[in-house]
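K.L.:
The structure's right below; bear with me while I get my questions together.
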Amino acid sequence: MNIKSLSGAIAIGAALTVGSIVPVANAAGLLKPANSSQPDLSIKEHHVNVVLEHSYAVTSIEQVFHNPGNQALEAIYSFPVPEHAAVGEFTYWIDGKPVTGEVVKKQQARKIYEQEKQAGRETALVEKDSYKTFDISVSPVQPNSDVRIKLVYIQPAHVDSGVGRYVYPLEDGGVDDQKNAFWSRNEVVDEKFSFNMTLGSGYPVDSIRLPQQPQASIQQLNPTQWQVSMANQSGALTAGALSSDEPGSEVKQQNPNVEQTSGILPAANLNQDIVVYWRLKQDLPGSVDLISYKESADSQGTFMMTLTPGDDLASVQGGRDWIFVLDVSGSMQGKYSTLVEGVRQGLAKLQADDRFKIVLFNNAATDFSKGFQAVTPEIINPLLNQLEQYQPSNGTDLYSGISQGLKNLDADRSTAMILVTDGVANVGVTEKKRFLKLMDKADIRLFTFVMGNSANRPLLDGMTKVSNGFAISVSNADDIVGQLMLATSKMTHQALRDVELKIDGGRVTDLTPEQINSLYRGEQLTIAGHYRKPGPVQVTLTGKIGEQSRSYSTEVTLPEQSLLHPELERIWAFSSIENMQSKMD
Numbered sequence: 002m003n004i005k006s007l008s009g010a011i012a013i014g015a016a017l018t019v020g021s022i023v024p025v026a027n028a029a030g031l032l033k034p035a036n037s038s039q040p041d042l043s044i045k046e047h048h049v050n051v052v053l054e055h056s057y058a059v060t061s062i063e064q065v066f067h068n069p070g071n072q073a074l075e076a077i078y079s080f081p082v083p084e085h086a087a088v089g090e091f092t093y094w095i096d097g098k099p100v101t102g103e104v105v106k107k108q109q110a111r112k113i114y115e116q117e118k119q120a121g122r123e124t125a126l127v128e129k130d131s132y133k134t135f136d137i138s139v140s141p142v143q144p145n146s147d148v149r150i151k152l153v154y155i156q157p158a159h160v161d162s163g164v165g166r167y168v169y170p171l172e173d174g175g176v177d178d179q180k181n182a183f184w185s186r187n188e189v190v191d192e193k194f195s196f197n198m199t200l201g202s203g204y205p206v207d208s209i210r211l212p213q214q215p216q217a218s219i220q221q222l223n224p225t226q227w228q229v230s231m232a233n234q235s236g237a238l239t240a241g242a243l244s245s246d247e248p249g250s251e252v253k254q255q256n257p258n259v260e261q262t263s264g265i266l267p268a269a270n271l272n273q274d275i276v277v278y279w280r281l282k283q284d285l286p287g288s289v290d291l292i293s294y295k296e297s298a299d300s301q302g303t304f305m306m307t308l309t310p311g312d313d314l315a316s317v318q319g320g321r322d323w324i325f326v327l328d329v330s331g332s333m334q335g336k337y338s339t340l341v342e343g344v345r346q347g348l349a350k351l352q353a354d355d356r357f358k359i360v361l362f363n364n365a366a367t368d369f370s371k372g373f374q375a376v377t378p379e380i381i382n383p384l385l386n387q388l389e390q391y392q393p394s395n396g397t398d399l400y401s402g403i404s405q406g407l408k409n410l411d412a413d414r415s416t417a418m419i420l421v422t423d424g425v426a427n428v429g430v431t432e433k434k435r436f437l438k439l440m441d442k443a444d445i446r447l448f449t450f451v452m453g454n455s456a457n458r459p460l461l462d463g464m465t466k467v468s469n470g471f472a473i474s475v476s477n478a479d480d481i482v483g484q485l486m487l488a489t490s491k492m493t494h495q496a497l498r499d500v501e502l503k504i505d506g507g508r509v510t511d512l513t514p515e516q517i518n519s520l521y522r523g524e525q526l527t528i529a530g531h532y533r534k535p536g537p538v539q540v541t542l543t544g545k546i547g548e549q550s551r552s553y554s555t556e557v558t559l560p561e562q563s564l565l566h567p568e569l570e571r572i573w574a575f576s577s578i579e580n581m582q583s584k585m586d
């Protein structure tokens, strides 16, 4: 893989290519005719298999689509890949035989696709659509026939304050007006749907939850391994969840996410994210976990190291100013009640000597609270009542919202900004560098709650890094209160600042990320890199808590040979690309 090529693509035909950058998800994988006058393709099957262990997850999706028309057509398959995830495989079945892609540059992929298409051969092309989706052109889709597609992606898995979280994104973000006008979303799976997840942990797992899928079958295989299963078929009297380990077992509960059509239940509706939480045993100590891949004694090795600091970050003392900057544009419809609940929970956690300000923005920005206000029920309750009655509408002038929030700051008080948005700036200033410059000038920490699956994560992540803050993705299928509690504990406790990591020994190179900045309460640090010399190495993490310097050190061993985790090279490559993109910004 040439990681310096920031725009990649997949072409399937005589030659195949896979995109080298993966954006944030937009919605469930959809296959639509390129010509909107042609009949829609139906989704016959949708199967998801997740293996999550050793600090990363491998997600495999297989879908079967059907062309009900009487003519061949070109179709566009738009599929989701979550943040910080890299495509590991894309397979398209040609004449019943699977063909898998390889990495080439985007321009070469487009040329291959056009050549194969003109020759009348079946072919497919994957191209990145901004930061939101990958679009795959598939041609031809034969009349009255099926198309089978398989996608595999790899992503790091993180545990925050002892709670892990995995999201399979299905909801449409609703932020792309042009795409919404083109796509008529077919979210119904006609025949078969399944979701299977195997979770392995180096530490004992206390419990697993799926907040919006209570029908899921959850089985503990041993103290550190669990299985989550859902499987539905059309035509059943009740469409429920069957354990994949016990085929034919009794259906536990009717799936609330299916619709009835002509008296027959479809297998599933792909209109709600699947969110899986797992909780580790309490009172676990700080730790360093290392996994590696090294093909032979002579080859270069790749490693991923996850550091979980102990909980020695004290609560912040003294009054602070809190600025809530809230997106009330039209694209926030369907997410607005979650937004208001987030503000309610956030205000409830403020201290008596804190102050707050609320700014709303859509086509323009408004100082909703009329400046900073005291944290009292007499002030908060009327404002929340007004906020609940507000109706989201119009476009998204994100820059004006942030600019309004930064007005009239008190230099003598510590200030934090809480930005709640789907993160798609389409009015006013939209250039990323202008946003980064704005945040760089302000002495403020930015904490961003990213709503939905179509947010401009590169923009939001860039702003939070400049301000030494953090961004948290929030799904409508999340345990919203739980997510807010985790975030609030970070904002109300000290952070480990000016963090540096040093590894002595192993001839370690190519560490990513290159810059760490701050670690907040409960937050893990994941580092990837290469090594040439196996054996013991000394790992030292330094930083500051307040004005006091802190240092943590331990010893780990880099193996001479390790064949268990070949995916690590792709994880390292994608992280390096993100690093390079950050420098370019």
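Sequential numbering from 2 applies to the sequence shown in this note's numbering. From the three backbone atoms N, C-alpha and C, an ideal C-beta is built for every residue, glycine too.
Excluding five sequence neighbours on each side, which residues of the same chain lie with their C-beta closer than 6 Å to the C-beta of T555?
P.N.:
Within the same chain, T555 has close Cβ partners V289, V540.
K.L.:
Cα-Cα, which of K350, T422, L460 is closest to T489?
P.N.:
Selected option, being the one with the closest Cα: K350.
K.L.:
Any idea what DSSP makes of F436, helix, strand or coil?
P.N.:
Helix.
K.L.:
Ends of the beta strand (DSSP E) at D191?
P.N.:
Run containing D191: 189–201, per the beta strand (DSSP E) assignment.
K.L.:
Report the residue ranges of all beta strand (DSSP E) runs contained in full by the segment 517–580; include only those spanning at least 3 residues, in chain order.
P.N.:
Fully enclosed beta strand (DSSP E) runs of 3 or longer: 518–520, 526–532, 536–546, 549–559.
K.L.:
Considering Cα atoms alone, identify which of G89, Q72, P34, P170 is closest to F80.
P.N.:
The candidate whose alpha carbon is nearest that of F80 is P170.
K.L.:
What are the residues that DSSP puts in a beta bridge with D147?
P.N.:
D147 is bridged to H67.
K.L.:
By the 10 Å Cβ neighbour count, where 16 or more other Cβ atoms means buried, how is R435 classified, buried or exposed?
P.N.:
R435 should be labelled exposed.
K.L.:
Using a Cβ-Cβ distance cut-off of 9 Å, determine whether Y400 contacts chain B.
P.N.:
This model lacks chain B altogether; it includes just one protein chain.
K.L.:
Going by DSSP, which residues form a beta bridge with R210?
P.N.:
DSSP lists Y278 as partners of R210.
K.L.:
Using DSSP's beta-bridge definition, name the partner residues of F369.
P.N.:
Partner(s): none; F369 has no beta bridge.
K.L.:
Does N71 pass the burial test, meaning 16 or more other C-beta atoms within 10 Å, or should it be called exposed?
P.N.:
With fewer than 16 Cβ atoms within 10 Å of its Cβ, N71 is classed as exposed.
K.L.:
Which two residues bound the contiguous beta strand (DSSP E) that contains A472?
P.N.:
471–475 is the extent of the beta strand (DSSP E) around A472.
K.L.:
Find out if the Cβ-Cβ distance for the pair I359, F304 is shorter than 9 Å.
P.N.:
No, they are not a contact pair.
K.L.:
Out of S316, A456, F194, which has the shortest C-alpha to C-alpha gap to I62?
P.N.:
The shortest C-alpha separation from I62 is found at F194.
K.L.:
Counting C-beta neighbours from all protein chains within 10 Å, is the total for A375 16 or more, i.e. buried, or is it exposed?
P.N.:
Exposed is the call here.
K.L.:
Quick check: what's the CA-CA separation for S576 versus K371?
P.N.:
Their Cα atoms are separated by approximately 42 Å.
K.L.:
Identify the continuous alpha helix (DSSP H) that holds G406 and give its terminal residues.
P.N.:
Per DSSP, G406 belongs to the alpha helix (DSSP H) from 399–406.
K.L.:
Under the assumption that E515 contacts T543 (Cβ atoms under 8 Å), give the Cβ distance between them as a whole number of angstroms.
P.N.:
With 8 Å as the limit, E515 and T543 do not qualify as a contact, their Cβ atoms being about 16 Å apart.
K.L.:
Between the Cα of S202 and the Cα atoms of S56, W94, G429, V538, which residue gives the shortest distance?
P.N.:
For the residues S56, W94, G429, V538, the minimum Cα distance to S202 belongs to S56.
K.L.:
Apply the 10 Å Cβ neighbour rule to Q179 and answer buried if 16 or more other Cβ atoms are within range, or exposed otherwise.
P.N.:
In this prediction, Q179 scores a pLDDT of 41, lower than 50, which makes its location untrustworthy; no coordinate-derived value is stated.
K.L.:
Within the chosen definition, does the segment 225–233 reach the segment 87–98 through at least 3 CB pairs nearer than 8 Å?
P.N.:
Because the criterion of three Cβ pairs below 8 Å is not met, the segment 225–233 and the segment 87–98 do not touch.
K.L.:
Taking the alpha carbon of S468 as the point to measure from, which residue in L420, T431, Q525 has its own alpha carbon closest?
P.N.:
Answer by Cα proximity: L420.
K.L.:
Would you mind stating whether A353 and T397 have Cβ atoms separated by less than 9 Å?
P.N.:
No, the pair does not count as a contact, with Cβ atoms beyond the cut-off.
K.L.:
Using alpha carbons as the reference points, say which of S146, V329, G453 lies closest to Q273.
P.N.:
Among S146, V329, G453, the Cα nearest to that of Q273 belongs to G453.
K.L.:
Just to confirm the assignment, what range does the alpha helix (DSSP H) spanning I381 have?
P.N.:
Residues 378–390.
K.L.:
Pull the bridge partners of Y337 from the DSSP assignment, please.
P.N.:
In DSSP, Y337 forms no bridge with anything.
K.L.:
Considering only their Cβ atoms, is the gap separating F362 from Q394 smaller than 9 Å?
P.N.:
According to the sequence shown, residue 394 is Ser rather than Gln. No, the Cβ-Cβ distance between S394 and F362 is not below 9 Å.
K.L.:
Find the nearest neighbour of I44 within the set E570, E379, Q226, S146, judged by alpha-carbon distance.
P.N.:
The shortest C-alpha separation from I44 is found at S146.
K.L.:
Please classify E568 as buried or exposed, where buried requires at least 16 neighbouring CB atoms within 10 angstroms.
P.N.:
When all chains shown are included, E568 counts as buried.
K.L.:
Alpha carbon to alpha carbon, what distance is there between P157 and R617?
P.N.:
The structure shown does not extend to residue 617, since the chain is modelled only from 2 through 586, so no value can be given for it.
K.L.:
Which value, in whole angstroms, describes the spacing of the CA atoms of T422 and L461?
P.N.:
Rounded to whole angstroms, T422 to L461 spans 9 Å at the Cα level.
K.L.:
For R508, which residues from the same chain have a beta carbon less than 7 Å from its beta carbon, with the 5 sequence-adjacent residues on both sides left out?
P.N.:
Cβ within range, chain order: Y532, R533, K534.
K.L.:
Suppose you measure from the CA of D207 to the CA of V160; what does that come to, to the nearest Å?
P.N.:
Roughly 13 Å separates the two Cα atoms.
K.L.:
From the DSSP output, in three-state form, read off V467 for me.
P.N.:
Three-state DSSP puts V467 in a helix.
K.L.:
Tell me which residue opens and which closes the beta strand (DSSP E) that L420 is part of.
P.N.:
Taken as a continuous stretch (DSSP letters only), the beta strand (DSSP E) holding L420 covers 415–422.
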